[in-house]
DNA sequence: CTGTGCGATGTTCACGCTCACAAACCGACA
DNA sequence: TGTCGGTTTGTGAGCGTGAACATCGCACAG
C-alpha cells in the first residue's frame, strides 16, 4: 500500500505556505514580512519571523527571480584575474557587492577577442544578472560592452571606451612618479612602458610625457612591452648600458623587478647610480632590493566606486560616464638624487 | 482607451510558447528539443531550432531552476584571493567549471572565522548552487564545510580536514626542496615556516623534517610566521647572523624575498654563502636577485581536479576523499653547494 | 481485422513566489 | 447608526519551465 502521497522523490522543502500555516496567517503575509512591507502589524510580523526561524525557512530565490525578473546577482567579466591588479579589483567588487546585498557571478575571459566577451555577456544574461561589471583593460571589452542588450547595465573597470568607466587616474599616477624623480634633480626620466594596446599603459605613458614636457625635459623614446619582469629585464639591459640614464619610471612593479635585475647585473647601483620607480605597490614591493618606490592604488575604493556607479546607472539615477580614483606615491629606497657628474 | 492588453510595464520577453507557436508545435516539444530529448523527429527538431534562432530565444533559467531544483551554478568560497596562489586556484576552477557547463558564483570570506564561512555557505545555498568548492587553507573552513546541509556537496581545495579535499602534495614539495639542498652538499637545511595554523604550512614543515631525519641531519628549530616578505625578513636577520647557516628552505617565495633581503643586508651572498629555496614559483620568482630556485605547483591541474572531484561526488559516483597534485622543483640560481669550510 | 507496442506529440499540473485586487477590520465623525 | 478613509489581511492569478500522463499514428504479429 502506498504511503501518504506528496513525499515522492524530492525532499519537499519548507515553503512560505508552511511558515504561514504555523504562524496562522496567509502566505502573502509571510511574503510581506520577508519584503519588509510596512503594513504588517508588529505582533503578526514577530509571529511570522518566529515561525520562519523555527522551520529554518529560506526563501526560494529562483521563484522570486521568476516573477520579479531580478536576481540580486551581479556579473563580473574577468580578465587575467591571476594578476595582482585584476585580482584585487575582483575582490574589491565582490566585497562591495556583498555589502550591497548582491551575489556575484563570474565569467572569465581567456583572451579579449570581442567574440569571447560577447559570449561572456551572453552567459551572464542567461543567468539573469541585474548588471555587469567588466574588468576591462582593453578597448575591445568596453566596446563589446556597449553592444550588450540595452536593458543590461554595464560598467567597465580600468581602461576606457564607450561604456561608463571607473578607473585609477593613471595619468595622475604617472605624473606623480615622474615629478618625484624630477624633483630629486634628475634631468630627465626614462620610461619602460606596458603593452601598447592597454589604455592603462597608454595613460601612464601620457602622464609621464606631459610631465617631462612641462618641465622642459627631454622626452626619451619609450617602447612598449608586456607587464612582466621578463619584459622589464630585456629593456632594462639596454637602459643599463646607457650611462646617461639616471632615472627610470616603470609601468608596473613587475617590470621594475626585471629592470632592477638588469641594472644589478650591469653593475649599476640603485639608487646611487640609477633611481627606479614602479607602479601598483604590489605586496612585498617594499622588500625588493632595494625597497621599491612606487605608485599605490586603492583597489577597494575602486571596487566600491564601480559598484556605486553600476547601481546608480541601474536605478537610472546617474549618467556619470567616468569616475577616477586618485593614486598616491609610496616613497621608498629605490629613488634618490642623481649621482654628481 | 486602453491599448491591447498584455504589454503592461514589463517588456514581455520571448518564451517557449512563442517559439512553439512559430514552429507549429506545443511548448513541450520545444522543451524536448532544448533538453536533447531523443524522441523528437529530426524535421520537427530543425523547425523548432529555426524558430528559436529567428526569435532569438533564450530559456529562462530561473524557471528551469524552480522546477528542476538545480541551477547549473557552482559556488566558490574564496579566501585571500588577491594572493597569487588562491587567485590562480579561483581562475582554474572557474575555467574548468565553464567547460563543464557550469556558472560560478563567488563568496569571499574576509577572515576564516567559522561564523563567516557558515554565512558564505548560507548565501550560496540560498542562491541554489549545485555544489561548492572552497579555497580553504585552514581547518576552520573544511570543518565548517562538513557542517553544511548534507544535500550540498562540498570540496575543499588546499588544506586538510573532514571534507573531500584536493591539494598540492606539500610534504612532497618540501622533501624535494630539502633533498635538493642536501644533495648539493649542505650538512643541514634551515626552514622559515608559514603560519602554524595553516595545514599547508605544517605539511611543508613535516616534509622538511622527515627528509632531514632520513638523511641523519640535524633538525634546526623552525619557528612559524606569516606568508609575507616582512615575516621572512624578520627571521632572515636572525639566520643571517648565524655563520653556520648555509641553506634555507622558505615556506613560500614571498618569505624567500624577505630572507634574501636580510642576507643581502648582512653581507652574506646568495648562493655563494647561503643557498635559498622558495615555494610557489610565483610569477617573476625567476627575476629575484638572484633568480629563485623554488617549488612549482600546477594550479590549473588543481582546479580541474577539484571540479572533477566535486562532480563525481555530486553524482554519487565517488567516495574519494583526498586528491594530491605533485609539485616539482624549479632549479634556478639561488642554490649552490655550500662554501668550502 | 484486431490487438499490441512504440515513437512522436499534446495537455495539464506543479514548482514557490509576487502582484493586483478584494475583503475585513478599525476608529472617527456626521 | 451608517458611512468613510485607512490599515491589515486574504484570495487568485500568473511568472516560464519540466514531468507525468494522455493521445495519436503507425508497423507488425496473431
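Protein chains in written order, with our numbering: chain A, 1 to 341; chain B, 1001 to 1341. Where a beta carbon is used, it is the ideal one built from N, C-alpha and C, also for glycine.
TODO: Using a Cβ-Cβ cut-off of 7 Å, state whether residue 1029 (chain B) counts as contacting chain A.
DONE: no
Open item on the list: Would residue 281 (chain A) and residue 330 (chain A) be called neighbours here (beta carbons separated by less than 7 Å)?
Closed with: yes
Task: Closest by C-alpha distance to residue 126 (chain A), when choosing among B:1249, B:1014, B:1301 - done: B:1014
- [ ] Output the boundary residues of the beta strand (DSSP E) element that contains residue 329 (chain A).
- [x] 328-330
TODO: Output the distance between the C-alpha atoms of residue 214 (chain A) and residue 298 (chain A), rounded to the nearest integer angstrom.
DONE: 27 Å
Open item on the list: For residue 1025 (chain B) and residue 155 (chain A), I'd like the C-alpha separation in whole angstroms.
Closed with: 41 Å
Task: Beta-carbon neighbours of residue 104 (chain A), restricted to chain B and to distances below 9 Å - done: 1105, 1106, 1107, 1108
Task: residue 1247 (chain B), enclosing beta strand (DSSP E) - first and last residue - done: 1247-1250
Open item on the list: Starting from residue 288 (chain A), trace the beta strand (DSSP E) in both directions and tell me its first and last residue.
Closed with: Element bounds for residue 288 (chain A): n/a, residue is neither H nor E.
TODO: Out of B:1245, B:1278, B:1032, point me to the one whose CA is closest to residue 1266 (chain B)'s CA.
DONE: B:1245
Open item on the list: For residue 1261 (chain B), which residues in the same chain have their Cβ closer than 6 Å to its Cβ, ignoring the five residues on either side in sequence?
Closed with: 1233
- [ ] Decide if residue 1271 (chain B) is buried, meaning its Cβ has at least 16 other Cβ atoms within 10 Å, or exposed.
- [x] It counts as buried.
Task: Residue-level contact to chain B via CB, residue 296 (chain A), 7 Å cutoff - done: No, residue 296 (chain A) lies away from the interface with chain B (no Cβ there is under 7 Å from its Cβ).
Task: Any non-hydrogen atom of the ligand NAP within 6 Å of residue 48 (chain A) CB - done: As presented, the structure is devoid of all ligands, the ligand NAP included, so that no description of it is given.
TODO: Could you name the residues of the stretch 1300-1314 of chain B whose beta carbon sits closer than 8 Å to any beta carbon of chain A, in the order they occur along the chain?
DONE: none
Task: Assigned exposure category for residue 1075 (chain B) - 16 Cβ within 10 Å defines buried - done: buried
Task: Minimum length 3: unbroken beta strand (DSSP E) runs contained in the stretch 288-321 of chain A - done: Correct list: 294-296.
- [ ] Under 8 Å by Cβ, that's how I've got residue 1159 (chain B) and residue 1193 (chain B) pegged, so tell me the actual separation to the nearest angstrom.
- [x] With 8 Å as the limit, residue 1159 (chain B) and residue 1193 (chain B) do not qualify as a contact, their Cβ atoms being about 16 Å apart.
Task: Contact under 7 Å by Cβ, residue 1063 (chain B) with residue 212 (chain A) - done: no
TODO: For chain B, find out if any of its Cβ atoms is closer than 7 Å to the Cβ of residue 6 (chain A); answer yes or no.
DONE: Interpretation of residue 6 (chain A) is limited by its pLDDT of 35, a score under 50 that renders its predicted location unreliable; the figure taken from the coordinates is listed afterwards. Judged by the 7 Å Cβ criterion, residue 6 (chain A) is not in contact with chain B.
Task: Length of the line joining the Cα atoms of residue 106 (chain A) and residue 221 (chain A) - done: 39 Å
TODO: Please name the residue, chosen from A:255, A:259, A:332, that lies closest to residue 239 (chain A) on a Cα-to-Cα basis.
DONE: A:259
TODO: Ignore the nearest five residues each way along the sequence and tell me which others in residue 121 (chain A)'s own chain have a CB closer than 6 Å to its CB.
DONE: 148
TODO: Run down chain B in chain order and give the residues with a C-beta less than 8 Å from the C-beta of residue 289 (chain A).
DONE: 1260, 1261, 1264, 1289
- [ ] Over the uninterrupted alpha helix (DSSP H) stretch that includes residue 1146 (chain B), give me the two end residues.
- [x] 1139-1146
- [ ] Tell me whether residue 1341 (chain B) sits in a helix, a strand or coil according to DSSP, three-state version.
- [x] coil
- [ ] Show which residues of chain A have a CB atom less than 7 Å away from the CB atom of residue 1094 (chain B).
- [x] 106, 108
Task: Same chain, Cβ closer than 7 Å to residue 1187 (chain B), five either side skipped, listed in chain order - done: Answer for residue 1187 (chain B): 1217, listed in chain order.
Task: residue 1203 (chain B) and residue 1171 (chain B) closer than 7 Å at C-beta - done: Result yes, Cβ atoms of residue 1203 (chain B) and residue 1171 (chain B) sit closer than 7 Å.
Open item on the list: On the CB-based measure, 16 or more other CB atoms within 10 Å of its CB, does residue 1073 (chain B) come out buried or exposed?
Closed with: buried
Task: Three-state secondary structure assigned by DSSP to residue 1167 (chain B) - done: The answer is strand: DSSP assigns residue 1167 (chain B) an E or B state.
Task: residue 1131 (chain B), DSSP secondary structure in three states - done: Strand at residue 1131 (chain B).
- [ ] Using alpha carbons as the reference points, say which of A:80, A:79, A:27 lies closest to residue 57 (chain A).
- [x] A:27
Open item on the list: Cutting at 6 Å between CB atoms, please list the residues of its own chain near residue 8 (chain A), excluding the five before and the five after it.
Closed with: With a pLDDT of only 39 at residue 8 (chain A), under the threshold of 50, the placement of this residue in the model should not be trusted; the figure read from the coordinates follows. If we look at residue 8 (chain A) and ignore the five residues flanking it on each side, it has no Cβ neighbours.
Open item on the list: Between which two residues does the beta strand (DSSP E) holding residue 104 (chain A) run?
Closed with: 103-109
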